[in-house]
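A.B. asks: Here it is, the structure in full.
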Amino acid sequence: MGRNVGNPDAIHEYRSLASYSHRHMGPTTRARFVHNRRRRRRRGPYAAPDDDDEEEDQQEASSSSSSSDEGEEDAEEEGSGEVDDDDGEAAEPSGKEEEVSPVAAAARSGRKASITISLKKVCKVCKSTGHEAGFKGAVYIDCPRKPCFLCKMPGHTTLTCPHRVAMEHGVIPASRRNTNTSLDYVFQSQVKGKIPMVKPQFLIPNQLECGNIKFHQRRVTCLEFHPTKNNVLLSGDKKGLLGVWDYVKLHEKITYDSVHSCILNSMKFDTTNDGLLYTASSDGTISSTDLDTGIGSSLLNLNPNGWNGPSTWRMIYGMDFNSDKGLLLVADSFGFLHLLDRRLKARIGDPILIHKKGSKVTSLHCNPAQPEVLLSSGNDHYARIWDTRKLEPNSAFVSLAHGRVVNSGYFSPQSGNKILTTCQDNRIRVWDYIFGNLESPSREIVHSHDFNRHLTPFKAEWDPKDHTETVAVIGRYISENYNGIALHPIDFIDTSTGKLLAEVMDPDITTISPVNKLHPRDDILASGSSRSIFIWKPKTESDATEERNREKAKEFVYGSGSRKKSNGKHENSSDDDSDGSCDGKKKKKAKKTRFTHTIKGKGKSKV
DNA sequence: AGAAAATGAACCC
DNA sequence: TGGGTTCCCTTTTC
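Each residue of the first sequence is one higher than the one before, counting from 1 in the working numbering.
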């Protein structure tokens, strides 16, 4: 509480003079920084002024606004202010002259009234005074009256949360291997110390290779690698646009804008015909698109009668493909599962309620080892395991309870024996063995991936290449201060321990990356951040050397470790690009011409 | 620079 | 149960 006490920089006084007469004021309230008086403050932040305040206000408007004793006054008040500030204006007894609303006062007096708003360190989160929440530079200060933004427990803030990620910047990725056999331990205890460290096989793709800035019109909602063409990445956005991009031949990109009319929620390749892509959308349709010809066809439409209001509009989020049966499994936003025969393009049987009626099913996943076993996740705070051969309501093997909405649930990619879920209660849950006791998860890993309506929901996903089925990747919501820049890394997590293996970020990507996909064969990560998509590769030895040299050079120029702050979003990269397409001027141009702007990350190192 | 908009889930009664 | 209200680390555009 009151961490900013005595810090004059953190204290400002804000008062706005707004006339309710439209002759004098524009549509928005005009604000100015002025001296504030204790008398006004007493009345609460939104109290109406005395009539005689008006002249003074106007005089004050022309005077300057800084004063040292203001800070002292505020600091003084903070200590006692915390108790009653919750409802400062409401707590005041009514009936006083001062309490009359300015509008009413103006109406009564027949002349323009002014309202004085004095905000002194008002917390935008809890609306009380005495403290402020928000960014102070690159550090976000939590509201102390709210539960921790990270672990959701009361009594502390994120800055002091025991679950807070505190990884050294530039840490060397840990080895992916974690399931040591007894031989390994013997090896470690007796031999390891005597031989040089073996380079870990698992490489974290932590170096920005290239990016496609604003490839999409709206934020990216899903990513998928082409199952056979190694360098082809598919992406979907909130507008329903489907993008195909060859990230080796940077200019080779195609977009299909007529596949869906709103959010493209899920993409799945037909495992028997990798030229065929199935897409699910909030427009309530499933489409199949031939990627060679671009020809698409609709396989399912859950809203054949068009828009009749939100209470009847069905959206599709979860979808998976059962290759054994040629069956497409589709779940809608009302809790129902639909089965679809891919060849007949026809529904099989009636829809089955698999989650609470009226609630959204967020994801579906068929077990890779036993495709008839289905995992569903829903807005009803459950993930459920089903046998698709004998589906009926309430026939789930098991219901896995979660604290909040479950964004996703995946079986482990190879054995299918584990389950990984992402829940909006900021916890990643792992069940180690689906045939064991599933009553409670084997582990709950606190990780910041909160819900925000403007962000694509975060989903922790397994690394498909990881034979030990331990490594998962997920974007981080909460930011961390990296050399003065608030960045949201992409986290690699060891799901067997909860340990953070690596955090992947770039100072030029200041936006959150909720969508992440690891390549099925290569050490490549694709990330979707806002409207852009990025490709990451492991840092090579020469990359690392180059980076060190660059850091040294910067230290020489800017002084000890202080890095020039990049205030921009993606397009504000200050460093140059190898193909010359990335400097400031050209970037502004690129803003206007969509889909033409591509960056090569490595070029940035050429200073 | 500051405001508005887009828009999903929780929570309240 | 349902509608109205609120809302904490967004991002973009004007």
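Ideal placement from N, C-alpha and C gives every residue a C-beta, glycine not left out.
1. Sorted by chain position, which residues of the same chain lie with C-beta nearer than 8 Å to Ala401's C-beta, five sequence neighbours on each side aside?
2. Pair every Cβ in the region 447-464 with every Cβ in the region 475-488, then say whether three or more of these pairs are closer than 8 Å.
3. Taking DSSP's pairing of strands, which residues face Glu503 in a bridge?
4. Which same chain residues end up closer than 7 Å to Asn417 when comparing Cβ atoms and leaving out the 5 residues on each side of it in sequence?
5. Would you kindly work out how many angstroms separate the C-alpha atoms of Glu608 and Thr293, rounded to a whole number?
6. By DSSP, does Gly138 sit in helix, in strand, or in coil?
7. Measuring straight from C-alpha to C-alpha, what distance separates Leu329 and Cys161?
8. On the DSSP letters alone, give me the boundaries of the beta strand (DSSP E) that Pro351 sits inside.
9. Apply the 10 Å Cβ neighbour rule to Asp463 and answer buried if 16 or more other Cβ atoms are within range, or exposed otherwise.
10. Please report the distance separating the alpha-carbon of Gly211 from that of Ser235.
11. Which runs of the alpha helix (DSSP H) fall wholly inside the region 277-329 and span at least 4 residues, in chain order?
12. Does the region 243-254 come close enough to the region 316-335 that 3 or more CB-CB pairs lie under 8 Å?
13. Once the 5 residues before and after Ser101 are set aside, which same chain residues still bring their CB inside 6 Å of it?
14. Does DSSP put Asn417 in a helix, in a strand, or in coil?
15. Let me know if Lys360 comes out buried or exposed under the rule of 16 or more other beta-carbons within 10 Å of its beta-carbon.
16. Please check the pair Phe411 and His365, which I expect to be a contact at CB under 8 Å, by giving their CB distance rounded to whole angstroms.
17. If you draw a straight line from the C-alpha of Asp274 to the C-alpha of Arg343, how long is it?
18. Whose C-alpha, out of Ser282, Arg550 and Ile535, is nearest the C-alpha of Phe225?
19. Going by alpha carbons, who is nearest to Asn379 out of Pro457, Glu392 and Pro371?
20. Tell me the start and end of each unbroken beta strand (DSSP E) in the region 384-429 that is at least 3 residues and wholly inside, in chain order.
21. Check Val100 in the structure and name its three-state DSSP category.
22. According to DSSP, is Asn549 part of a helix, a strand, or is it coil?
23. Looking at the structure shown, is Asp543 part of a helix, part of a strand, or coil, going by DSSP?
24. Please tell me whether Val125 and Lys152 are closer than 7 Å, where the distance is taken between their beta carbons.
25. Helix, strand or coil for Leu233? Go by DSSP, reduced to three states.
26. Within 10 angstroms of its Cβ, does Gly155 collect 16 or more other Cβ (buried), or is it exposed?
27. Got a sec, what are the start and stop residues for the beta strand (DSSP E) Leu264 sits in?
28. Should Ser377 be labelled buried (16 or more other beta-carbon atoms within 10 Å of its own) or exposed?
29. Between the C-alpha atoms of Leu327 and Gly484, what's the straight-line distance to the nearest angstrom?
30. Cα separation between Glu132 and Ser530?
31. At what residues does the beta strand (DSSP E) containing Cys222 begin and finish?
32. Kindly identify the DSSP beta-bridge partner or partners of Ala486.
33. Under a Cβ-count criterion, where at least 16 other Cβ atoms within 10 Å of its own Cβ denotes burial, should Trp307 be classed as buried or exposed?
34. What residue from Lys268, Leu233, Leu264 and Tyr278 has the CA that sits closest to Lys253's CA?
35. Considering just the uninterrupted stretch of the beta strand (DSSP E) at His365, what are its terminal residues?
36. Which same chain residues end up closer than 8 Å to Asp425 when comparing Cβ atoms and leaving out the 5 residues on each side of it in sequence?
C.D. replies: Looking at the coordinates:
1. The residue you call residue 401 lines up with position 401 of the first sequence. His381 and Tyr382.
2. yes
3. By one-based count along the first sequence, residue 503 stands at place 503. Looking at the DSSP assignment, Glu503 forms a beta bridge with Asp491.
4. On the first sequence, residue 417 is found 417 positions in, with the first residue counted as 1. Here the set comprises Tyr433 and Ile434.
5. No information on residue 608 is available, as it lies outside the stretch 1 to 607 that the chain covers here.
6. As a first step, residue 138 must be located in the first sequence, where it is residue number 138. Gly is not the amino acid found at residue 138; the sequence shown has Ala there. Note: Ala138 maps to coil in three-state DSSP.
7. For this step, residue 329 is matched to residue 329 along the first sequence. For this step, residue 161 is matched to residue 161 along the first sequence. C-alpha separation (whole angstroms): 41 Å.
8. Reading the first sequence from its first residue, position 351 is the one you call residue 351. Segment Ala346 to Leu353, the beta strand (DSSP E) holding Pro351.
9. For this step, residue 463 is matched to residue 463 along the first sequence. With 16 or more other Cβ atoms within 10 Å, it is buried.
10. For the purposes of this step, residue 211 is identified with residue 211 of the first sequence, where counting begins at 1. For the purposes of this step, residue 235 is identified with residue 235 of the first sequence, where counting begins at 1. About 13 Å.
11. none
12. no
13. Taking the first sequence and counting its residues from 1, one reaches residue 101 at position 101. Because Ser101 carries a pLDDT of 40, less than 50, the predicted location of this residue cannot be relied on, and the following value inherits that uncertainty. Result list for Ser101: empty, nothing under 6 Å.
14. Stepping through the first sequence from its first residue, residue 417 is reached at position 417. Asn417: coil per DSSP, three-state reduction.
15. In the first sequence, residue 360 corresponds to position 360, counting from 1. The residue in question, Lys360, is buried, as its Cβ has 16 or more Cβ neighbours within 10 Å.
16. For the purposes of this step, residue 411 is taken as the residue at position 411 of the first sequence. For the purposes of this step, residue 365 is taken as the residue at position 365 of the first sequence. Confirmed, Cβ separation roughly 6 Å.
17. Here residue 274 is taken as the residue at index 274 of the first sequence, counted from 1. Here residue 343 is taken as the residue at index 343 of the first sequence, counted from 1. C-alpha separation (whole angstroms): 15 Å.
18. Counting from one through the first sequence, the residue named residue 225 turns up at place 225. Checking every option, the nearest Cα to that of Phe225 belongs to Ile535.
19. As a first step, residue 379 must be located in the first sequence, where it is residue number 379. Of the listed residues, the one whose Cα sits closest to Asn379 is Pro457.
20. 398-401, 406-411 and 419-423
21. Residue 100 sits at position 100 when you count from the first residue of the first sequence. Because Val100 carries a pLDDT of 35, less than 50, the predicted location of this residue cannot be relied on, and no value is offered for it.
22. Counting from one through the first sequence, the residue named residue 549 turns up at place 549. Asn549: helix per DSSP, three-state reduction.
23. As a position in the first sequence, residue 543 is number 543, starting the count at 1. Looking at Asp543 - three-state DSSP - the assignment turns out to be helix.
24. As a position in the first sequence, residue 125 is number 125, starting the count at 1. As a position in the first sequence, residue 152 is number 152, starting the count at 1. No; because the gap between Cβ atoms is not below 7 Å, this pair is not in contact.
25. Counting from one through the first sequence, the residue named residue 233 turns up at place 233. Of the three classes helix, strand and coil, the one that applies to Leu233 here is strand, per DSSP.
26. Taking the first residue of the first sequence as 1, we reach residue 155 at position 155. Classification for Gly155: exposed.
27. On the first sequence, position 264 is the one that residue 264 refers to. Leu264 to Asp270 is the span of the beta strand (DSSP E), which, as asked, contains Leu264.
28. Taking the first residue of the first sequence as 1, we reach residue 377 at position 377. Looking at its Cβ environment, which holds 16 or more other Cβ atoms inside 10 Å, Ser377 is buried.
29. Sequence index remark: in the first sequence, residue 327 carries index 327 (1-based). Sequence index remark: in the first sequence, residue 484 carries index 484 (1-based). Between Leu327 and Gly484, the C-alpha separation is close to 51 Å.
30. Here residue 132 is taken as the residue at index 132 of the first sequence, counted from 1. Here residue 530 is taken as the residue at index 530 of the first sequence, counted from 1. When rounded, the distance between both Cα atoms is 28 Å.
31. Counting from one through the first sequence, the residue named residue 222 turns up at place 222. First-last of the beta strand (DSSP E) with Cys222: Val220 to Phe225.
32. Numbered from 1 along the first sequence, position 486 holds the residue referred to as residue 486. DSSP output for Ala486 lists Asn481 as bridge partner(s).
33. Here residue 307 is taken as the residue at index 307 of the first sequence, counted from 1. Exposed is the call here.
34. As a working mapping, residue 253 is identified with position 253 in the first sequence. Nearest of Lys268, Leu233, Leu264 and Tyr278 to Lys253, Cα basis: Leu233.
35. Locating residue 365 in the first sequence gives position 365, where the first residue counts as 1. Taken as a continuous stretch (DSSP letters only), the beta strand (DSSP E) holding His365 covers Val361 to Cys366.
36. Residue numbering aside, residue 425 sits at position 425 when the first sequence is read from its first letter. Excluding positions up to five away in sequence, the list reads Lys152, His402, Gly403 and Arg404.
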